[in-house]
Amino acid sequence: PIIAPELGLAAHLVQGFLASLVFWAGVVAHEFAHALTTRRFGARVYGVLVTGTGGAALVDQLPDLWHDVLTTLAGPAVNLVAGAGLFWASWLLPAGAAFSAVLAPALFMAAVLNIGVGGANLLPIFPMDGGRALRAALTAAYGDDYKAALMARRVSLALSLAAIVAGAAALPFGWIRTGLLLAGAVFG
Numbered sequence: 763p764i765i766a767p768e769l770g771l772a773a774h775l776v777q778g779f780l781a782s783l784v785f786w787a788g789v790v791a792h793e794f795a796h797a798l799t800t801r802r803f804g805a806r807v808y809g810v811l812v813t814g815t816g817g818a819a820l821v822d823q824l825p826d827l828w829h830d831v832l833t834t835l836a837g838p839a840v841n842l843v844a845g846a847g848l849f850w851a852s853w854l855l856p857a858g859a860a861f862s863a864v865l866a867p868a869l870f871m872a873a874v875l876n877i878g879v880g881g882a883n884l885l886p887i888f889p890m891d892g893g894r895a896l897r898a899a900l901t902a903a904y905g906d907d908y909k910a911a912l913m914a915r916r917v918s919l920a921l922s923l924a925a926i927v928a929g930a931a932a933l934p935f936g937w938i939r940t941g942l943l944l945a946g947a948v949f950g
């Protein structure tokens, strides 16, 4: 309502609903990208689980570690491509059309959320996709799953602590949202 108060409450509720719907479609597409890529590489897929906090593709371990890396990165790739497409679509809507005033901001919000989910999932922090991809790549490089997992966990811990420190450091400057977002990303 702050950006376009002339639209009224009903239009803003529709925008929020549409953005949420498209965002959750992105979460489902993210998990199906993992599942379909896993199936493409010959492993079994048991299902896809989507909850209020995210999702998971229930799959067998892939025998080839580079296939595991590609499968892990497929989900964030779908979010980034979807985000770019939604951003582009929000700018293509005809200016002045009544539906554009409601639909364009909803598509833009969904684009930002999808790009955020894709980007956050690429961070090498367990249990996100970037952490799993790092572990698989290190296992392939060193040939030792235990050593690779230990190294990936250390990277994950260092980045998590850095996010907490950055979040705490932002609080005294009045950047409350930024501080809570950085610190909360570790526990979210």
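Per our numbering, the very first residue in the sequence shown carries number 763; after that it's consecutive. Glycine included, every Cβ here is placed at the ideal spot set by N, Cα and C.
* Are there 16 or more other CB atoms within 10 angstroms of the CB of Ala873, so buried, or fewer, so exposed? -> By the 16-neighbour rule on beta-carbons within 10 angstroms, Ala873 is buried.
* Could you check the C-alpha separation between Ala882 and Trp786 for me, to the nearest Å? => The alpha-carbon separation between Ala882 and Trp786 amounts to approximately 16 Å.
* For Val789 and Gly816, the rounded distance between their alpha carbons -> The alpha-carbon separation between Gly816 and Val789 amounts to approximately 7 Å.
* To do: Please look up how many angstroms separate the CB atoms of Ala795 and Gly837, rounded, as I've assumed it's under 8 Å.
  => Right, their Cβ atoms sit about 5 Å apart.
* Asked: With DSSP run on the structure shown, which of helix, strand or coil describes Ala805?
  -> Ala805 carries a coil assignment under DSSP once its states are collapsed to helix, strand and coil.
* To do: State buried or exposed for Ala920, treating a residue as buried only when at least 16 other CB atoms are found within 10 Å of its CB.
  => Ala920 comes out exposed.
* To do: Ignore the nearest five residues each way along the sequence and tell me which others in Ala866's own chain have a CB closer than 7 Å to its CB.
  => Taken in chain order, the residues that qualify are Ser852 and Leu855.
* In this structure, does DSSP put Leu855 in helix, strand or coil? -> Correct three-state label for Leu855: coil.
* To do: Could you check the C-alpha separation between Tyr908 and Met890 for me, to the nearest Å?
  => Roughly 18 Å between the two C-alpha positions.
* Asked: Which stretch, first to last residue, makes up the alpha helix (DSSP H) that contains Leu896?
  -> Start and end: Asp891 to Tyr904.
* To do: Can you tell me which of Leu820, Arg894 and Ala791 puts its alpha carbon nearest to the alpha carbon of Leu832?
  => With distances taken between Cα atoms, Leu832 lies closest to Arg894.
* Asked: Nearest to Thr813 by alpha carbon, out of Asn841, Arg801 and Glu793?
  -> For Thr813, the nearest C-alpha among the options comes from Glu793.
* Asked: How would you label Arg806, buried or exposed, when you count the other beta carbons within 10 angstroms and need 16 or more for buried?
  -> Per the 10 Å Cβ criterion, exposed.
* Taking Leu769 as part of the beta strand (DSSP E), name the residues at either end of that continuous run. => For Leu769, there is no enclosing beta strand (DSSP E), as DSSP marks it with neither H nor E.
* **CA nearest to the CA of Val840, picked from Tyr808, Ala791 and Thr799** => Residue Ala791 is the option with its Cα nearest to Val840.
* Can you tell me which of the three DSSP states Gly816 falls into? => When secondary structure is reduced to three states using DSSP, Gly816 falls in the strand class.
* When you compare only the Cα positions, how much space is there between Ala818 and Asp826? -> About 20 Å.
* Give the secondary structure of Leu811 by DSSP, where H, G and I count as helix, E and B as strand, and everything else as coil. => In the structure shown, Leu811 sits in a strand (DSSP, three-state: E or B).
* Could you check how far apart the C-beta atoms of Leu848 and Val784 are, in whole angstroms? I think they sit under 8 Å. => Your pair Leu848 and Val784 checks out as a contact, with CB atoms roughly 7 Å apart and the cut at 8 Å.
* Where Arg897 falls, given that 16 or more other Cβ within 10 Å makes a residue buried -> Counting the other Cβ atoms within 10 Å of the Cβ of Arg897 gives 16 or more, which makes it buried.
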